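Protein chains in written order, with my numbering: chain Z, 5 to 215; chain V, 23 to 237.
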């Protein structure tokens, strides 16, 4: 399995029956493919609905129904549309259980950088700053390194999306959790060794393996 | 109450340098026909308020590609290469606003509020230059209302009075922008007689709507 699939599969294990979840664009969207049949969750789409179900079939496309990534989708029975003020009330008011987001950098204090590479590419924060400030559990799903360079740093160097907001980081090598606001390595994925993680993780962390 | 006007009349509502807001999210819920009509005029130097600028040369993105916008307030501009280019060149001055904050700042203009208190953006560049208010021991950023000169909405159906119904995910920023502007004009796919819509099931009340255009 490629790294992205390993990450998506591991993230899906965090979901419980009845969870109300927002998946970010890109890698986080892949997580939907790995949710076990018996776990029934509901997906929130920041552009204005709850009950995101699946991609729309070619013959069944409604031009007025896209997800936050611009894909034509359909809703499950019982789903509902709303406007952006309501959508972000839901996000900011603590009504979503879990959000899964990508990252450029994360750090030992739980800060996230994901929207701005000064002088290079500044796409903007979209709804990410709202998600990290309001959702109960913030999971960062990302590859452990980018072009061989570590992404889990002692302190983020890029402009922040949120300060001390992350609950959990899942990479293709392992799982990190913030316990009492400190970073802990809680799981090794596959045959990853502690040494391997150490080499690729400049952030200060405590080893507290659950597996 | 009949608020119907012709799309060709849009030019008389436009002035150089005005603040215009356009509802929609990645083109879904953009008033595509009114945007095309705006481009037939020579209006320029606009301040544009929109959650994104879609793709270059498409929907709201056409205003960027045709260099009509000199100031932009948006939450995400990563999908439009022309926006990136014009921001880098200094042609467009941009203020990036978290999406929920953008919705609330528009809503607070519509509601006559002095702004909103939010935790979104605390400890980030978004906080810079803003007042931080402590309520019950928790810090919040004071985000001020965004007042609009002209709001351009897209609805699925309305009556002649301007009661609007949206379809699918097009409601997005069309709803919070209604009421935040001095003048609000909606592009509507189907306009019916007054009395034909059930007043219990209207998304935006006619109160906020000055004109409707069938397109």
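Note that CB positions come from ideal geometry on N, CA and C, so glycine has one too. These numbers come from a predicted model, not from an experiment.
| message | I'd like the span of the beta strand (DSSP E) that includes residue 204 of chain Z, first residue to last. | response | Where residue 204 of chain Z is concerned, there is no enclosing beta strand (DSSP E), although the alpha helix (DSSP H) it sits in stretches over 198-204.
| task | Identify every residue that forms a DSSP beta bridge with residue 162 of chain V. | result | Looking at the DSSP assignment, residue 162 of chain V forms a beta bridge with V:155.
| Can you give the beta carbon distance from residue 71 of chain Z to residue 96 of chain Z, rounded, assuming they're within the 8 angstroms contact cut? | About 20 angstroms separates the two Cβ atoms, so there is no contact after all.
| Hey, quick one: how far does the beta strand (DSSP E) through residue 23 of chain V stretch, first residue to last? | Under the DSSP assignment, residue 23 of chain V falls outside any beta strand (DSSP E); it carries neither an H nor an E label.
| Cut-off 8 angstroms between Cβ atoms - residues of its own chain near residue 213 of chain V, not counting five sequence neighbours on either side | Excluding residues within five positions, the ones whose Cβ falls inside 8 angstroms are 26, 179, 180, 181, 182, 234 and 236.
| said: Any beta carbon from chain Z within less than 7 angstroms of residue 197 of chain V's own beta carbon? | reply: Yes, its Cβ sits closer than 7 angstroms to a Cβ of chain Z.
| message | Rounded to whole angstroms, what is the Cα-Cα separation between residue 40 of chain V and residue 183 of chain Z? | response | Their Cα atoms are separated by approximately 50 angstroms.
| said: With distance defined between alpha-carbon atoms, name the residue in V:119, V:185, V:148 and V:207 nearest to residue 59 of chain V. | reply: Taking only the C-alpha atoms, the option nearest residue 59 of chain V is V:207.
| Exposed or buried, residue 255 of chain V, counting other C-beta atoms within 10 Å across all chains shown (16 or more means buried)? | Outside the displayed range of chain V (23 to 237) lies residue 255 of chain V, so it cannot be described from this structure.
| How would you write the range of the beta strand (DSSP E) that residue 63 of chain V sits in, first residue to last? | Residue 63 of chain V -> no beta strand (DSSP E), and no H or E assigned at all.
| task | Please name the residue, chosen from Z:51, Z:175 and Z:212, that lies closest to residue 14 of chain Z on a Cα-to-Cα basis. | result | When only C-alpha atoms are compared, the closest one is Z:175.
| message | Looking at the strands, I want to know which residues DSSP matches up with residue 236 of chain V. | response | Bridge partners of residue 236 of chain V: V:210.
| field | Minimum C-alpha distance to residue 218 of chain V - residue among V:186, V:142 and V:200 | value | Closest option to residue 218 of chain V, Cα to Cα, is V:186.
| field | Outcome for residue 125 of chain Z when other beta-carbon atoms lying within 10 angstroms are tallied against a minimum of 16 | value | Exposed, since its Cβ has fewer than 16 Cβ neighbours within 10 Å.
| task | Taking the CB atoms as reference points, tell me whether residue 146 of chain V and residue 123 of chain V lie closer together than 7 angstroms. | result | No; because the gap between Cβ atoms is not below 7 angstroms, this pair is not in contact.
| query | How about the stretch 46-60 of chain Z and the stretch 82-89 of chain Z: do they share at least three Cβ pairs that are nearer than 8 angstroms? | reply | Cβ pair count under 8 angstroms is three or more, so yes.
| query | Looking only at C-alpha atoms, which of Z:197, Z:105 and Z:110 sits nearest to residue 164 of chain Z? | reply | The residue among Z:197, Z:105 and Z:110 with its C-alpha nearest the C-alpha of residue 164 of chain Z is Z:110.
| message | Quick check on DSSP: helix, strand or coil for residue 7 of chain Z? | response | It is helical.
| Can you name, in chain order, every residue of its own chain whose Cβ lies under 6 angstroms from the Cβ of residue 211 of chain Z, other than the five neighbours on each side? | So the list reads 189, once near-sequence residues are dropped.
| field | 8 angstroms contact criterion, which residue 12 of chain Z and residue 34 of chain Z should meet: CB distance rounded | value | Their Cβ separation, rounded to whole angstroms, is 4 angstroms, which keeps residue 12 of chain Z and residue 34 of chain Z in contact under 8 angstroms.
| task | Verify whether the separation of the beta carbon atoms of residue 27 of chain Z and residue 145 of chain Z is less than 7 angstroms. | result | No, these two residues do not count as a Cβ contact at 7 angstroms.
| request: Take the Cβ of residue 63 of chain Z as the centre, count every other Cβ of all protein chains shown within 10 Å, and call the residue buried at 16 or more, exposed below. | output: Classification for residue 63 of chain Z: exposed.
| message | Could you tell me which whole alpha helix (DSSP H) segments of length 4 or greater appear in the stretch 77-156 of chain V? | response | Correct list: 83-87, 103-110 and 121-132.
| message | Can you tell me where the beta strand (DSSP E) holding residue 171 of chain V begins and where it ends? | response | Run containing residue 171 of chain V: 170-181, per the beta strand (DSSP E) assignment.
| message | At a CB distance below 9 angstroms, what residues from the stretch 150-168 of chain Z approach chain V? Give them in sequence order. | response | So the close ones are 163, 164, 165, 166, 167 and 168.
| said: Please tell me whether residue 69 of chain Z has its Cβ less than 7 angstroms away from any Cβ of chain V. | reply: For residue 69 of chain Z, the nearest beta carbon of chain V is closer than 7 angstroms to its own beta carbon.
| query | How about the stretch 62-72 of chain V and the stretch 32-49 of chain V: do they share at least three Cβ pairs that are nearer than 8 angstroms? | reply | With a cut-off of 8 angstroms, the stretch 32-49 of chain V and the stretch 62-72 of chain V count as touching, because enough Cβ pairs lie within range.
| said: Measuring only the C-alpha atoms, how far is residue 203 of chain V from residue 153 of chain V? | reply: Roughly 25 angstroms separates the two Cα atoms.
| What is the rounded straight-line gap between the Cα of residue 179 of chain Z and the Cα of residue 89 of chain V? | Using only the alpha carbons, I get a separation of about 47 angstroms.
| said: Which residue wins for smallest C-alpha separation from residue 16 of chain Z, given the options Z:160, Z:155, Z:105 and Z:89? | reply: When Z:160, Z:155, Z:105 and Z:89 are compared, the shortest CA-CA separation from residue 16 of chain Z is found for Z:105.
| Which whole-angstrom value describes the C-beta separation of residue 140 of chain V and residue 163 of chain V, a residue pair presumed to lie in contact below a C-beta threshold of 8 angstroms? | About 6 angstroms separates the two Cβ atoms, so the contact holds.
| task | Output, in sequence order along the chain, the residues in the stretch 124-148 of chain Z whose CB is closer than 9 angstroms to any CB in chain V. | result | Those would be 125, 126, 127, 128, 129, 130, 131, 132, 133, 134, 135, 136, 137 and 138, in chain order.
| task | Excluding the 5 residues preceding and the 5 following residue 94 of chain V in the sequence, name in chain order all residues of the same chain whose CB lies nearer than 6 angstroms to its CB. | result | Excluding five sequence positions before and after residue 94 of chain V, the CB atoms of its chain that fall closer than 6 angstroms to its own CB belong to 70, 114 and 116, given in chain order.
| query | Between the C-alpha atoms of residue 138 of chain Z and residue 78 of chain V, what's the straight-line distance to the nearest angstrom? | reply | If you take the alpha carbons of residue 138 of chain Z and residue 78 of chain V, they lie about 32 angstroms apart.
| query | When Cβ atoms are compared, which residues of the stretch 190-221 of chain V fall closer than 9 angstroms to chain Z? | reply | Using a CB distance below 9 angstroms, the part of the stretch 190-221 of chain V facing chain Z consists of 190, 191, 192, 193, 194, 195, 196, 197 and 198, ordered along the chain.
| message | Quick check on DSSP: helix, strand or coil for residue 146 of chain Z? | response | Three-state result, residue 146 of chain Z: coil.
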